[in-house]
Amino acid sequence: MPARRKRFLWQEHPIRGLAETWIVGMAMLWVLSYQVGVVSPFVLGNGVLFVCGVCGLWSALRIRLPGGSQLRRAVAELAVGLSLSLVMGAGLSVPARWLGWEGIWQESSLGPVIAVALLWATGPGYLLARLGVRVWLRWQHLRRRRMLWAITHAHLTLVVLVACLAALAIFGVANYSGSTTLLQPERANLLTSFLDSLLHSVFPAVSIVAILTIMALVAILPPSALFSYVVARGTTRRLEALVAAARALREGNYGARVEVVGEDEVAQLQADLNAMAEELERTLHDLEVQRDTVTHLLEARRQLVATVSHELRTPVATVRALLESALDRREEEAPASLRHDLEVVQGEVLRLQGLIDDLFALSQAEAAGLAVDCRPDDVGLIAAGMVEALAPLAWKAGRVEVVAELPSDLPPAWVDRGRLEQVLANLLRNAIRYTPPGGIVAVVARPEDDAVRIEVKDTGEGIAPEDLPHVWERFYHGPDGGAGLGLALARELTEAMGGSISVESTPGRGSCFALRLPRAGSVPEAWPADHGADAGHRIVDEGLDKAPSL
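According to the working numbering, the residues represented by the sequence shown are 55 to 604, in order.
Structure follows, in structure tokens:
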């Protein structure tokens, strides 16, 4: 429905609508008052009927439809109908008598009693019109929702059109040739001629057309509805089956099918829907097979990583022990070249052992989660121990200086000592590796509101902006290589302890990895055991979701 029509129809409050109706009625009576003695009594009688009809339709189309229950709507409509009768019967006739317009019904062919009675009868006419409005709105709703009633609506529209054309043809031939009029030519003007034509010919014709149309509708509606039901039921039934099948597919029942009946367009649509459903079901089945295959491959990969890392730990530890023993034999002076080679081998063995430990830890995370046993601990002491252990190796291997700036009054944090040492070792090894000779790696700690912050800074080459979002991904490595395990493990261990880790980097100036660990005073006593279990489950979920390929 257009916006202008929506703004006009059924938008006014009953009081305002009744006031508009009174104004319209008074204006029409004022025009008719100038035609007394000029037009025939038949025209004046039709004028009174015209006033009643227009006022009733105006109220029926302008006053808003009441809401609520059926009883409440009925009471509201009855109240408006009674008020309209008072407005038309008393609100028009009394002022007309004061203004000297009573000649309208006194000289009309209806007589004064019937004319005034018709004014009072506008209220019941309004109620019939509102009932018709309700039926029409309900019919519009039905024909929009069901094709069966849409077809019936098309049939009834044709009936109305034929009835209107037939009535117009009848009145076009008859043209009221036998009617007489008292129109006085010397007193006639353009308005009088227009009213005489309107009320003498057009209004009766339109009224009879409307009556014939209503009669035709009453007579044709039952057989037309039956005809539409019989003829269209087969088509609508097939369409309803299509709708049901499409709804079933949308709800996940991919085995839903519809029986193909006939060879028309609906049958083609049924066949296409069945073909689409079969293709969709086959595709989903293939996806399920692929998902199961990927799941088995991931499980096989995890088992392979766990087995290989576990089996390699013992021989690598043995090789490392033998190398340390050979380097510690000071009583037997080895050639400088041999000693250099042994030191290089020792460094590579240490690196290999770190990678194997990281692989083993990640396989544990995917299998059953990383267990953490968080307790109040001095993170400054832990960080100082890691710096003291790795500083000589960093200087010896790459002339990189590792320093610490750890305040003595650093508050304790809820951490797992072993896991925190593992995180710091990964961060320090990563910083040492990417810091050129002569560079510095610094470990700085400071308290925050509810956490302890530990930063590992370096003066290395930094991380490229396009690589920065991916440094926490498993097996991701930048252009400089690497296994891509240390930072991923550091993040998962930190989150397992209830902390967080972040990174800031400027290419050419270095990087800063920051750990935030919860302070001991900000965590309830029952937190460590419960949180550790939850964190372990969380790591398992993250590992399976990322599903990397080794």
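A virtual CB, placed ideally from N, CA and C, is assigned to each residue, including glycine. These numbers come from a predicted model, not from an experiment.
- Distance from Leu210 to Leu271 at the Cβ level is roughly 7 angstroms; contact confirmed, criterion being Cβ atoms closer than 8 angstroms.
- For Arg192, the enclosing alpha helix (DSSP H) stretches over residues Thr176 to Arg199.
- Counting along the chain, the unbroken beta strand (DSSP E) around Arg570 starts and ends at Gly564 to Pro572.
- In the DSSP annotation of this structure, Val426 is not part of any beta strand (DSSP E), being labelled neither H nor E.
- The region 67–79 and the region 87–102 do not touch, with fewer than three beta-carbon pairs separated by less than 8 angstroms.
- Nearest to Val477 by C-alpha distance, out of Ala568, His254, Thr267 and Val495, is Ala568.
- Note that the C-beta distance between Cys106 and Met142 is below 8 angstroms.
- In the three-state reduction of the DSSP assignment, Pro68 falls in the helix class, which pools H, G and I.
- Residue range Ile494 to Pro501 is occupied by the beta strand (DSSP E) that includes Arg500.
- Only residues of its own chain outside the window of five on either side were considered, and among them Leu303, Tyr308, Ala310 and Arg311 have a CB closer than 7 angstroms to the CB of Ala331, listed in chain order.
- In terms of Cα proximity to Gly157, the closest of Pro95, Leu173, Leu296 and Tyr180 is Pro95.
- When secondary structure is reduced to three states using DSSP, Val469 falls in the strand class.
- The region 286–293 makes no contact with the region 259–275, as fewer than three CB pairs between them are under 8 angstroms.
- Here the alpha carbon of Thr246 sits roughly 32 angstroms from the alpha carbon of Leu215.
- Thr513 carries a coil assignment under DSSP once its states are collapsed to helix, strand and coil.
- For Ser139, the uninterrupted alpha helix (DSSP H) segment begins and ends at Gln124 to Leu153.
- Around the Cβ of Ser565, a 10 Å sphere holds 16 or more other Cβ atoms; the residue is buried.
- Take the alpha-carbon of Thr337 and the one of Ala128: they are about 57 angstroms apart.
- With a 10 Å radius around the Cβ and a threshold of 16 neighbouring Cβ atoms, Glu546 comes out buried.
- Bridge partners of Thr548 according to DSSP: none are assigned.
- Distance from the CA of Pro523 to the CA of Pro561, rounded to the nearest whole angstrom, comes to 14 angstroms.
- Under the three-state reduction of DSSP, Arg528 is assigned to coil, being neither helix nor strand.
- Distance from the CA of Asp250 to the CA of Trp155, rounded to the nearest whole angstrom, comes to 18 angstroms.
- Beyond the five residues adjoining it in sequence on each side, Pro465 comes within less than 8 angstroms, by CB distance, of Pro501, Val506, Arg573, Ala574 and Gly575 in the same chain, given in chain order.
- Cβ-Cβ distances below 8 angstroms link Ser137 to Pro68, Leu72 and Gly177 in the same chain, with the five nearest sequence neighbours on each side left out; the list follows chain order.
- Taking all protein chains shown into account, Trp203 has 16 or more neighbouring C-beta atoms within 10 Å of its C-beta and is therefore buried.
- Between the region 341–358 and the region 312–322 there are fewer than three C-beta pairs closer than 8 angstroms, too few to call the two in contact.
- Val456: member of the beta strand (DSSP E) spanning Glu455 to Glu459, first to last residue.
- Looking at the backbone, the Cα of Ala321 and that of Ala329 are separated by about 12 angstroms.
- Judged by their CB atoms, Tyr488 and Gly514 are nearer to each other than the 8 angstroms cut-off.
- Apart from the 5 residues on each side of it in sequence, Val256 has no Cβ closer than 6 angstroms to any other Cβ in its chain.
- Using a Cβ distance threshold of 8 angstroms, Leu543 and Val469 do not count as a contacting pair.
- Judged by DSSP in its simplified three-state form, Thr349 adopts helix.
- Going by DSSP, Ser559 is part of the beta strand (DSSP E) stretching over Ser554 to Thr560.
- One alpha carbon belongs to Ala183, the other to Ala130, and they sit about 15 angstroms apart.
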